[in-house]
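>
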Amino acid sequence: MPYYIQRLYNTCKAAFSPDGPVSEEALEKVRTMLEKIKPSDVGLEQEAQISRNWSGVVQERNGNHQPTPPIKYLHLHECDSFSIGIFLMAPSSIIPLHNHPGMTVLSKLIFGSLHVKSYDWIDLPEAAESAPARPAKLARDCEMTAPCGTTILYPNKGNIHCFRAETPCAIFDILSPPYVAEEGRDCSYFRRSPRRELPGILEVDGETISGVTWLEEFQPPDSFVIRRGQYKGPVIRS
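For what it's worth, our numbering labels the leading residue of the sequence shown as 2, then goes sequentially.
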């Protein structure tokens, strides 16, 4: 029988097109398979063991806190229809708020704990494209610890999210279609706007929306680094 990661790839190949999932049923098949993936399926059993044994003590040298190690990205596959990869995050490392324009994203925490926050854009009829900030509504704000369920972000639901690692952790990501800047799918980063005059309550199509957060695009600090890591699991045969 093929390795589990190969079977997951085969399911993705049938479920995704260059326009995204071919159907909700096909997407559900991918989600169901992703629910069962284990660190050992992708060559990360040793890293998972380190996470399980993590004491919460930050290493220090000469009395100073060590800088947070860069986030690693393990590339497994990419084609016109989907991409597969794994983010390895050290404790306290952060992936800032970022979007996935026109994309569906499945994320599965395969070991460790992290805090996740996601937002939905609020579409304003009179909103200008050049506006410095856009309104958004909090969709999710919680801590997750593996084993836990797969989360799905849709083009118009929960599409902006951020992660903060509480322990060493790994996030398995499937994006459909993948980022391609030339096709309007570029990754942008966001932060809360410091402008105090922006309203916390909006009226949209006769509906009152409270708890509005205004987000503005920004360039992450130089300390935010994602480096390509070496994937040591079974090779996907495409």
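We put the beta carbon where it would ideally sit given N, CA and C, even for glycine.
What you are looking at is a predicted structure, and each value in this text was computed from that prediction instead of being measured.
Among residues of its own chain, excluding the 5 on either side of threonine 209, which ones have a beta-carbon nearer than 8 Å to its beta-carbon?
Hits under 8 Å: Ile202, Leu203.
> Mind checking whether leucine 45 and tyrosine 232 have CB atoms under 7 Å apart?
Taking 7 Å as the Cβ cut-off, leucine 45 and tyrosine 232 do not qualify as a contacting pair.
> Does tyrosine 10 pass the burial test, meaning 16 or more other C-beta atoms within 10 Å, or should it be called exposed?
It counts as buried.
> Between the Cα of proline 169 and the Cα atoms of Leu75, Ser24, Met104, Ile111, which residue gives the shortest distance?
Closest option to proline 169, Cα to Cα, is Ile111.
> With distances taken Cα to Cα, identify the nearest neighbour of valine 226 among Cys149, Ser94, Lys39, Ile51.
Nearest of Cys149, Ser94, Lys39, Ile51 to valine 226, Cα basis: Ser94.
> Between the alpha carbons of leucine 115 and glycine 230, how many angstroms are there, rounded?
Distance between the alpha carbons of leucine 115 and glycine 230: 20 Å.
> Which same chain residues end up closer than 8 Å to aspartate 124 when comparing Cβ atoms and leaving out the 5 residues on each side of it in sequence?
Excluding sequence neighbours, aspartate 124 sits near Val205.
> Do you know offhand how far arginine 8's Cα is from arginine 197's?
The straight-line gap from Cα to Cα measures roughly 51 Å.
> If serine 1 sits next to proline 178, beta carbons under 8 Å apart, how far is it from one beta carbon to the other, in whole angstroms?
Lying before the first or after the last residue shown, residue 1 is absent from the chain, which here runs from 2 to 239.
> Report yes if the C-beta distance between tyrosine 190 and proline 92 is below 7 Å; otherwise report no.
No, they are not a contact pair.
> Which same chain residues, not among the five before or five after glycine 32, have their C-beta less than 8 Å away from its C-beta?
For the sequence presented, residue 32 should be read as arginine rather than glycine. So the list reads Leu107, Thr151, Ile153, once near-sequence residues are dropped.
> Tyrosine 180 to proline 19, Cα distance in whole Å?
Going from the Cα of tyrosine 180 to the Cα of proline 19 covers about 11 Å.
> Kindly indicate which three-state DSSP category arginine 62 falls into: helix, strand or coil?
Unreliable placement is indicated for arginine 62, whose pLDDT of 49 sits below 50; no coordinate value is reported for it.
> Cβ atoms of lysine 109 and leucine 35: under 7 Å apart, would you say?
Their beta carbons are under 7 Å apart, which means leucine 35 touches lysine 109 by this criterion.
> Is the shortest distance between the beta-carbon of glycine 86 and the beta-carbons of chain B less than 7 Å?
Structure shown: chain B not included; a single protein chain is present.
> Starting from alanine 182 and walking both ways along the beta strand (DSSP E), at which residues does that stretch end?
That residue, alanine 182, is in no beta strand (DSSP E); it is neither H nor E in DSSP.
> Taking a contact to mean a Cβ-Cβ separation below 7 Å, would you say alanine 134 touches glycine 159 in this structure?
Going by C-beta atoms, alanine 134 is not nearer than 7 Å to glycine 159.
> Does the distance from the CB of isoleucine 87 to the CB of alanine 171 come in under 7 Å?
Cβ atoms of isoleucine 87 and alanine 171: closer than 7 Å.
> Comparing C-alpha positions only, which one of Ser84, Glu167, Ala132 sits nearest to glutamate 144?
Of the candidates Ser84, Glu167, Ala132, the one whose C-alpha sits nearest the C-alpha of glutamate 144 is Glu167.
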